[in-house]
Amino acid sequence: MAAAAISATPSTVKNSFYACNNHAPFLSSCRPRLSFHHRLSSSPLTLPSLSAPKYSPIHRHCAASASSKVDASIANFHGPCYVLGDNIDTDQIIPAEYLTLVPSKPDEYEKLGSYAFIGLPSAAYSTPFIASGATKTGFPIIIAGANFGCGSSREHAPVALGAAGSRAVIAESYARIFFRNSVATGEIYPVECERVGLWKECTTGDIVTVELGENRLINHTTGKEYKLKPIGDAGPVIEAGGIFAYARKTGVVDLFVSLTDCTLSVENMIWQVKPVWYLLSKKTLGKPLTAFWEQKIHLDILLRYLKHHDNEFAVAEVFS
Amino acid sequence: MTMTEKILARASEKSHLEPGENVWVNVDVLMTHDVGGPGTIGIFKKEFGQNARVWDHEKIVIIPDHYIFTSDERANRNVDILRDFCLEQNIKYFYDIKDLSNFKANPDYKGVCHIALAQEGHCRPGEVLLGTDSHTCNAGAFGQFATGIGNTDAGFVMGTGKLLLKAAIVLGPSHFKAVECSDDGFKPSIGKEPADLFGIVPPTLRFVLDGEMPNYLLAKDLILQIIGEITVAGATYKSMEFVGSTVQGLNMEERMTLCNMVVEAGGKNGVVPADEVTFKYLEDKTSENYEPVYSDDNARFIGEYRIDVSKVEPLVAKPHSPDNRALARECKDVKIDRVYIGSCTGGKTEDFLAAAKVFLASGKKVKVPTFLVPATQKVWMDIYSLPVPGSGGKTCSQIFEEAGCDTPTSPSCGACLGGPRDTYARMNEPQANLRIHHKQKFPRQDGP
Chain A
3 MAAAAISATP
13 STVKNSFYAC
23 NNHAPFLSSC
33 RPRLSFHHRL
43 SSSPLTLPSL
53 SAPKYSPIHR
63 HCAASASSKV
73 DASIANFHGP
83 CYVLGDNIDT
93 DQIIPAEYLT
103 LVPSKPDEYE
113 KLGSYAFIGL
123 PSAAYSTPFI
133 ASGATKTGFP
143 IIIAGANFGC
153 GSSREHAPVA
163 LGAAGSRAVI
173 AESYARIFFR
183 NSVATGEIYP
193 VECERVGLWK
203 ECTTGDIVTV
213 ELGENRLINH
223 TTGKEYKLKP
233 IGDAGPVIEA
243 GGIFAYARKT
253 GVVDLFVSLT
263 DCTLSVENMI
273 WQVKPVWYLL
283 SKKTLGKPLT
293 AFWEQKIHLD
303 ILLRYLKHHD
313 NEFAVAEVFS
Chain B
137 MTMTEKILAR
147 ASEKSHLEPG
157 ENVWVNVDVL
167 MTHDVGGPGT
177 IGIFKKEFGQ
187 NARVWDHEKI
197 VIIPDHYIFT
207 SDERANRNVD
217 ILRDFCLEQN
227 IKYFYDIKDL
237 SNFKANPDYK
247 GVCHIALAQE
257 GHCRPGEVLL
267 GTDSHTCNAG
277 AFGQFATGIG
287 NTDAGFVMGT
297 GKLLLKAAIV
307 LGPSHFKAVE
317 CSDDGFKPSI
327 GKEPADLFGI
337 VPPTLRFVLD
347 GEMPNYLLAK
357 DLILQIIGEI
367 TVAGATYKSM
377 EFVGSTVQGL
387 NMEERMTLCN
397 MVVEAGGKNG
407 VVPADEVTFK
417 YLEDKTSENY
427 EPVYSDDNAR
437 FIGEYRIDVS
447 KVEPLVAKPH
457 SPDNRALARE
467 CKDVKIDRVY
477 IGSCTGGKTE
487 DFLAAAKVFL
497 ASGKKVKVPT
507 FLVPATQKVW
517 MDIYSLPVPG
527 SGGKTCSQIF
537 EEAGCDTPTS
547 PSCGACLGGP
557 RDTYARMNEP
567 QANLRIHHKQ
577 KFPRQDGP
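Chains as they are written, first to last, in our numbering: chain A, 3 to 322; chain B, 137 to 584.
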């Protein structure tokens, strides 16, 4: 992570202005733990390392260590597997008529799960993925052939599988968008197997174990073991719960969130329950910042602005 | 560099890119519709805050088109969700529809998103266009980088205006260095594992099409020829570039047909170099400045295919895969129960003109129900106003009527995706359906 040009820890925060005119009436009405930091240096602009303990970024999920290695203790899956062939497409995973369900709505998310794989032709797949009357699957692991998830970009596809209760797909290869959606949502691990035709050696209902840390699939029913390709960089993203959760862990999205929320009035910013950056202009101290923030600040515009107005600004951080 | 590499390099403010490199790309246009939109909006609000503002209210184009002319409550609700969001965010481009009983009563409504994007001037050479739809690659016909993304990625773009071309490694303050200092980028991670390929700058497959286009062929035949050759996974993680004298002779709608089906080969995006045909098309549609890019003469391609178009014959894709290519003449004994002309691939003005010419030449009536679904309002109007060459001034609509086709219906995606049960021309029981110019697979047992 970049070295912090602005450094501050809660313990070193002082309730005083730094290198500013000592007057900011609108700030005096702020909550007591308002603090100011060093002026930004004029050398290459870098943002502070938000993931360091200094800022205690607010996590929306349980914070786990942001290591790049998949934690083997949590990345083992065990249970009956559901076996499919090549070119399983998104219409089979979740037919289009169910796409009126919005995955970000919790009750519709659950409904999506209940329809997972309902598009499979029953002639070829006589065992239903979800038993009649059930809403979750009994198959935590899916085994498939090549080009799994081909067809549409619908994110409903990996969502349906995850909502149904599956944890991992082991396939020979994936369609691009499905793979990316799986990682972005964190709904299911899309793992590749080394062996072409692995799916032909497994039968739906075989009891298998997937050991992500060891890159291994064990079929207890047949007694065979298979090598898996490492999940790589996708692993920690899925483990965290998708790209947003992962981004929060590493500190990036908090900043975006802060800046975006800063298009609201100053008063609202003060009451945010997460670290918020905003600007104080020495020249405009005393004037409300709402005018500035209403200009829909985009991150790189902000950075460029700060770089060019280095002598005019101090940056403040507000804690709840 | 190839065209795709150049576009992405410029969009990530870097001077040079290698295939396999990880980048953080500025987005010019984000498109979503009634199927991807509500989910994207939900994620945007959840992750950026209920009161968050989109990164640029003029760069988001919201186009209801999928499940429109239906009584399905959730489908209708989803259009309402789009409207509420557009009002709240002051989204400049929202092609709304309220009166479902008469599409013409909705002046803003367009129809199929990919065709609307083109017709409304949102596709511009050299730009980056992302959409929550796999056929967003359609826009590559304009010499831009256009690809489909999921709701989560789109939610991220909505808030930041950037796409992570590799989520895991690039996240972190080093990203900001890339914004400020053009020399400092990310460490390229050119791995061979699929996870490392997640979201890379794609290497390019080049398709050189030469020869004069016979009058019995359309761009659809050309792309079916290609997909049949490389299979539905032949272009996975790759870009497809279409060049050659034949391509130069295609109009924009035919070029769109080529690029539209790139995803059916697993491709990330497709591109056709912009030329006079492109510039002419855009003249009356956009006043935005754009800067086309072109592959270098010494650009490295991961593969090259040469096609002599004069040797290609009319093709079909048999059930149930777009790469299940067959000569049309070999299927002449297959009994067909119905015909559907529509979709982003096959419902454009050019497609209906081509169909009309066939009906004209045959002079006969159709033997099976024939459904016509124009992609957009503009296409619908063309069907009713443009004279068909060689017909003595008849319009497509007249020819279709004389041939006994169903009346051209309200423009939308229609039954392409299936949709709610009451969707026009939806197959609610197993049948053999010939989808002319259609991109999707043939219906399965449970159809459509």
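Using N, Cα and C, we set each Cβ at its ideal position, and we do this for glycine too.
When C-beta atoms of the region 218-230 of chain B are compared with those of the region 190-199 of chain B, three or more pairs fall below 8 Å, so the two segments count as touching. Taking 8 Å as the CB threshold, residue 211 of chain B lines the interface with chain A.
Remark: C-beta atoms of residue 174 of chain A and residue 198 of chain A approach each other more closely than 8 Å. Taking 8 Å as the upper bound for CB-CB distance, residue 413 of chain B and residue 405 of chain B are not in contact here, some 20 Å apart. For residue 93 of chain A, the enclosing alpha helix (DSSP H) stretches over residues 92-95.
Between the beta-carbon of residue 258 of chain B and that of residue 407 of chain B there is about 17 Å, and that puts the pair past the 8 Å contact cut. Ranked by Cα distance from residue 156 of chain A, the options B:175, B:191, B:344, B:449 are led by B:175. Near chain B, meaning a CB-to-CB distance below 9 Å, the residues of the region 132-156 of chain A are 148, 149, 152, 153, 154, 155, 156. Annotation for residue 84 of chain A: the continuous beta strand (DSSP E) segment containing it runs 78-85. Across the structure, residue 353 of chain B and residue 450 of chain B are spaced so that their CA atoms are roughly 6 Å apart. Between residue 542 of chain B and residue 508 of chain B, the C-beta spacing is below 8 Å. Note that the region 283-291 of chain B does not touch the region 441-455 of chain B; fewer than 3 beta-carbon pairs, one per stretch, sit closer than 8 Å. Among the CB atoms of chain A, one or more fall inside 8 Å of the CB of residue 404 of chain B. Residues of chain A with a Cβ closer than 7 Å to the Cβ of residue 553 of chain B are, in chain order, 98. A residue is called buried once 16 or more other Cβ atoms fall within 10 Å of its Cβ, and residue 245 of chain A is buried on that count.
Taking 8 Å as the cut-off, the beta carbon of residue 159 of chain A is found closer than this to the beta carbon of residue 95 of chain A.
In this model, residue 281 of chain B and residue 133 of chain A are separated by some 43 Å (Cα to Cα).
Under the DSSP assignment, residue 346 of chain B falls in the beta strand (DSSP E) whose first and last residues are 340-346. No Cβ-Cβ contact shorter than 8 Å links residue 247 of chain B with residue 168 of chain B.
Distance between residue 437 of chain B and residue 379 of chain B, taken at the CA atoms: about 13 Å.
With the criterion set as a beta carbon lying under 8 Å from some beta carbon of chain A, the members of the region 362-377 of chain B are 368, 369, 372, 373, in sequence order. Residue-level contact by beta carbon holds for residue 175 of chain A and chain B, with a gap shorter than 8 Å. By the Cβ rule, the region 547-554 of chain B counts as touching the region 459-479 of chain B, because three or more pairs are nearer than 8 Å.
In the assembly as shown, residue 184 of chain B is a buried residue. Its beta-carbon has 16 or more other beta-carbons within 10 Å. Straight-line measurement puts the Cα of residue 445 of chain B at about 46 Å from the Cα of residue 130 of chain A.
Per DSSP, residue 414 of chain B is not a residue of any beta strand (DSSP E); the alpha helix (DSSP H) it occupies stretches across 412-419.
One alpha carbon belongs to residue 443 of chain B, the other to residue 218 of chain A, and they sit about 43 Å apart. Residue state for residue 360 of chain B is assigned as helix, using DSSP reduced to three classes. With respect to residue 377 of chain B, residue 343 of chain B sits close: the two C-beta atoms are nearer than 8 Å. A Cβ-Cβ distance of about 5 Å is found for the pair residue 394 of chain B and residue 359 of chain B, placing them in contact under the 8 Å criterion. Where residue 294 of chain B is concerned, the enclosing alpha helix (DSSP H) starts and stops at 287-296.
Interface criterion not met: the Cβ of residue 564 of chain B is under 8 Å from no Cβ in chain A. In the three-state reduction of the DSSP assignment, residue 137 of chain B falls in the coil class. Residue environment analysis places residue 420 of chain B among the exposed positions, since fewer than 16 neighbouring C-beta atoms fall within 10 angstroms of its C-beta. Per the C-alpha coordinates, the member of A:164, A:114, A:119 positioned closest to residue 103 of chain A is A:114. Looking at the DSSP output, residue 152 of chain A shares a beta bridge with A:91.
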